[in-house]
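Enquirer: Letter 112 of the sequence shown, counting from 1, is numbered 112 in the UniProt record's numbering, and no numbers are missing. Heads up, the beta-carbon is just placed ideally off N, CA and C, and yes, glycines get one too.
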Amino acid sequence: MEYDLDSGAHSTYSLHYHLILTTKYRRGVLTEERTQFIRGVISGFTDKYGVELTNLDGEDDHVHILFRAKPTTDLVKFINTVKGATARRIRNEYEDELKTELWGDSFWNDSYCLISTGQVSLDVLKQYVEDQRES
Numbered sequence: 001m002e003y004d005l006d007s008g009a010h011s012t013y014s015l016h017y018h019l020i021l022t023t024k025y026r027r028g029v030l031t032e033e034r035t036q037f038i039r040g041v042i043s044g045f046t047d048k049y050g051v052e053l054t055n056l057d058g059e060d061d062h063v064h065i066l067f068r069a070k071p072t073t074d075l076v077k078f079i080n081t082v083k084g085a086t087a088r089r090i091r092n093e094y095e096d097e098l099k100t101e102l103w104g105d106s107f108w109n110d111s112y113c114l115i116s117t118g119q120v121s122l123d124v125l126k127q128y129v130e131d132q133r134e135s
């Protein structure tokens with residue numbers, strides 16, 4: 001079996017993650033347009049955290065984010081930045097449309113799911129994420 005490995009000055013690694021974020025109260029406010037908007041926001045700061053966005057899609061009440069990271073990536077800071085920046089930007093961009101569904105400053109549920117994924121299953125995960133809108 002051949003792995004697609006990354007390397008640093010003193011390490012060789014393959015770190016892949018599957019992050020799932022749900023909207024507050026599981027409100028169905030994520031359209032395809034808003035999901036693409038979220039992708040753009042996240043893409044704007046991935047380099048800062050040493051992260052490569054592999055895939056992002058979901059349904060109307062949650063998103064699946066597949067990404068690669070470095071051993072030095074502070075995952076908690078990255079996830080908090082993802083949640084904070086996307087919530088702020090999407091609420092500003094779609095304020096009038098969202099105010100009846102979500103109130104206050106809430107957009108994402110306080111919790112999240114982060115799963116480390118084996119490289120063998122990445123193609124299966126990518127296909128699963130891509131198929132979310134078709135279901």
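1. Closest by CA to residue 14, which one among 79, 116, 28 and 25?
2. Please name the residue in 56, 113, 50 and 100 whose C-alpha comes closest to that of residue 27.
3. Determine the burial state of residue 31: buried for a count of at least 16 other Cβ atoms within 10 Å of its Cβ, exposed for fewer.
4. Under the rule that 16 or more other beta-carbon atoms within 10 Å means buried, what is residue 25, buried or exposed?
5. As an exercise, report each continuous beta strand (DSSP E) stretch of at least 3 residues that is fully enclosed by the UniProt domain "Transposase IS200-like" (12-132), in chain order.
Expert: By the coordinates alone:
1. 116
2. 100
3. exposed
4. exposed
5. 15-22, 51-59, 62-69 and 113-117
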